[in-house]
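Q: full-length UniProt numbering puts the sequence shown at residues 1 to 452. Think of the CB as a built atom: it goes at the ideal place given N, C-alpha and C, for glycine as much as any other residue. Remember, predicted model here, so these are calculated numbers, not experimental data.
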Amino acid sequence: MEFKNNPIVPLTDDSPALHMINSSFKEKLIKERLASYLKAYDNAPREYNTLKPLDQDQANGFFAISKLLITLRQQMVPYPNDYFQGRGIVLTVGKSQLKFAEVNLKMIEASGTQLAVQIWYSSTQISEKNMIKLFDKAPKVNLSICCFVEAQCRTRTKSWQIDSNRVYRPLIGRMKKHFPYKPAAIVSATFAEVLFLDSDAYVVRDPEELFLSDPMYLKFGALFFPDAYTSRQHPVVWKLLNTTCGEQEYELDSATILVDKKRVWDGLYMTKLMNDHHKLFYEYVTDGDKDTFRLGFRYMDVKYYIVMIPCATGSFSNLHFCGWTLCKTDSLAQHIYINHVHLFKHEGLRYNRNNLGYTRIGLGDPNNNSFIFSHCRYRPFSTTCFRIVENPNPEINQDKCHKDQFKSKDIEYHKYTLNESLLFEESRNNHIIMSKTDYLMPSFVDNLLKFI
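#1: Do you know offhand how far residue 31's Cα is from residue 365's?
#2: Cα-Cα, which of 257, 316, 433 and 325 is closest to residue 292?
#3: Nearest CA to the CA of residue 253: which residue from 276, 270, 227 and 265?
#4: Between the beta-carbon of residue 506 and the beta-carbon of residue 84, is there less than 8 Å?
#5: Suppose you measure from the CA of residue 124 to the CA of residue 95; what does that come to, to the nearest Å?
#6: Give me the Cβ distance between residue 231 and residue 251, rounded to the nearest whole Å; I'm assuming they're in contact under 8 Å.
#7: May I ask you to list the residues that DSSP assigns as paired with residue 160?
#8: Taking the beta strand (DSSP E) that residue 116 falls in, what are its first and last residues?
#9: Using beta-carbon positions only, say whether residue 188 and residue 265 come within less than 8 Å of one another.
#10: Once the 5 residues before and after residue 396 are set aside, which same chain residues still bring their CB inside 8 Å of it?
#11: Helix, strand or coil for residue 255 per DSSP?
#12: Just verifying my parser: in three-state terms, what is the DSSP assignment at residue 198?
#13: Decide yes or no for the touch test of the segment 22-39 against the segment 277-294: beta carbon pairs closer than 8 Å, at least 3 of them.
#14: Taking its Cβ as the centre, do 16 or more other Cβ atoms sit within 10 Å of residue 248, making it buried, or is it exposed?
#15: With DSSP collapsed to three states, give me the class of residue 424.
#16: Using the Cα positions of residue 99 and residue 39, report the straight-line distance between them to the nearest angstrom.
#17: On the premise that residue 105 lies in contact with residue 137, defined as a C-beta separation below 8 Å, what is that separation, rounded to the nearest angstrom?
#18: Taking contact to mean at least 3 C-beta pairs separated by less than 8 Å, is the segment 291-305 in contact with the segment 153-166?
#19: In three-state terms, what does DSSP make of residue 13?
#20: Cβ of residue 215 versus every heavy atom of the ligand ATP: is any distance shorter than 7 Å?
#21: Here's a check: name, in chain order, each residue in its chain whose Cβ is nearer than 6 Å to the Cβ of residue 356, leaving out the five neighbours to either side.
#22: Entirely within the segment 206-274 and at least 4 residues each: give me those alpha helix (DSSP H) ranges in chain order.
#23: Are the Cβ atoms of residue 489 and residue 259 separated by less than 8 Å?
#24: May I ask you to list the residues that DSSP assigns as paired with residue 315?
Below, the structure is given as structure tokens:
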């Protein structure tokens, strides 16, 4: 499936100077983020909607979960001091994901990062022979492949055993999906600080900057990123977890997770345990693994920060935008770091310049409700789209998508260099921009199309 971007007459870039943030505006953004966090989470109500009924199946499921949660608390293990070292990128892979993992390694290599990479797998799902082939795909990457079953890691030239007591194997059973691998790989990886990436979540620039300087990561020790849905859990879930009501909080896109394991260990390990019992949690609480992170952290009262900067890459028809990826910025919306090329495989889309031509992003403090971020079927496109529109926006079409119309002020043609900031002055705060993807993420499309 392919959509064509109609040509647009380029606007003159009236800001030829470099877009650089000054220290005073940066401090203002940090204060806004912290205030927004307190407003959204610490002051959230503890009461939940008692009017939404439970059917008998839900009642049975939630009762089983309430008893299980007590058991899971008893299964918690302490953080192993002096075991984990350094920072690194972690991926998991099954046989069907090998192609995407190869592309991911090439994108990591192209970013020039010096971060080491570990790819975790199970020898019951994929052979070591197939895994070894990954070393040839990006020879400059400091890569190790690590096996849950054998408690062993290897590079191109050597292999070694890991302490089996520090390999927290996922209990996946006969499940075809590999969702439980994610939290198991994060807690098992030998890094103290982890950037986890799904195999189709590709780096745009060197992500080491996030570890070193992102203010919300340094404050909380955990950065999460949103999916385009507000919480769909039954309200009783918040009571089960003994937490504040999170109905207005966005669900997570667990394709990208940044954590300092020592600081948030209890949340991470509870997430791993929840995924070991995926049959219950996936059926009654969350769509796959993604929200077990948010809920595991909440249950253990471990703080986290969701980078609620809506961002998507897709196609622009000269009147309408349809996003097919979820791109991730740092917490201050200075740069795009990762692009989760999400819907292409689900919607049968072709990887080409038309379908990756434009990127739309909502800059500013999202908890002021400046934007509506949604995933819905949007005409004239025949696929579902990620939508970013201004709020309030009461117009909803027959497919329950918020309508919008092209506004020339939303299009910009500034070609960003590596160190320029997207949100660099007050006039851009709480504002939606759209630009050619090549202008916002130089080389991303070229590299992806070359490697995919």
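A: Well, looking at it:
#1: As a working mapping, residue 31 is identified with position 31 in the sequence shown. As a working mapping, residue 365 is identified with position 365 in the sequence shown. Distance between residue 31 and residue 365, taken at the CA atoms: about 11 Å.
#2: Looking up residue 292 in the sequence shown gives position 292. Of the listed residues, the one whose Cα sits closest to residue 292 is 257.
#3: If you number the sequence shown from 1, residue 253 lands on position 253. Per the Cα distances, 227.
#4: A question about residue 506 goes unanswered here, because the residues of the chain that appear run from 1 up to 452.
#5: Numbered from 1 along the sequence shown, position 124 holds the residue referred to as residue 124. Numbered from 1 along the sequence shown, position 95 holds the residue referred to as residue 95. Cα to Cα, residue 124 sits roughly 10 Å from residue 95.
#6: For the purposes of this step, residue 231 is taken as residue 231 along the sequence shown, with counting starting at 1. For the purposes of this step, residue 251 is taken as residue 251 along the sequence shown, with counting starting at 1. That belief holds up - the Cβ atoms of residue 231 and residue 251 are roughly 6 Å apart, short of 8 Å.
#7: Mapped onto the sequence shown, residue 160 falls at position 160. BP columns for residue 160 point to 153.
#8: Position 116 of the sequence shown, counted from the first residue, corresponds to residue 116. 116-121 is the extent of the beta strand (DSSP E) around residue 116.
#9: Position 188 of the sequence shown, counted from the first residue, corresponds to residue 188. Position 265 of the sequence shown, counted from the first residue, corresponds to residue 265. Not in contact: residue 188 and residue 265 (Cβ atoms no closer than 8 Å).
#10: Position 396 of the sequence shown, counted from the start, is the residue given in the question as residue 396. Excluding sequence neighbours, residue 396 sits near 402 and 403.
#11: The count along the sequence shown starts at 1 and reaches residue 255 at position 255. Reduced to three states, the DSSP call for residue 255 is coil.
#12: Taking the first residue of the sequence shown as 1, we reach residue 198 at position 198. Residue 198: coil per DSSP, three-state reduction.
#13: Touching, no.
#14: As a first step, residue 248 must be located in the sequence shown, where it is residue number 248. Answer is exposed; the Cβ neighbour count stays below 16.
#15: The sequence position of residue 424 within the sequence shown is 424, counting from 1. Residue 424 falls in the coil class under three-state DSSP.
#16: In the sequence shown, the residue the question calls residue 99 occupies position 99. In the sequence shown, the residue the question calls residue 39 occupies position 39. Using only the alpha carbons, I get a separation of about 42 Å.
#17: Looking up residue 137 in the sequence shown gives position 137. Looking up residue 105 in the sequence shown gives position 105. Contact flag correct, Cβ pair sits at about 5 Å.
#18: The segment 291-305 vs the segment 153-166: no contact.
#19: As a working mapping, residue 13 is identified with position 13 in the sequence shown. Legend: pLDDT at residue 13 = 40, less than 50; position of this residue unreliable, value from coordinates given subsequently. Three-state DSSP puts residue 13 in coil, outside helix and strand.
#20: Among the components modelled here there is no ligand, and therefore nothing to report on the ligand ATP.
#21: As a working note, residue 356 is residue 356 in the sequence shown. Cβ neighbours of residue 356 beyond the five flanking positions: 313, 437 and 445.
#22: 208-213, 215-220 and 236-240
#23: Since the displayed the chain opens at 1 and closes at 452, residue 489 lies outside it and no answer follows.
#24: One-based indexing of the sequence shown puts residue 315 at position 315. 322.
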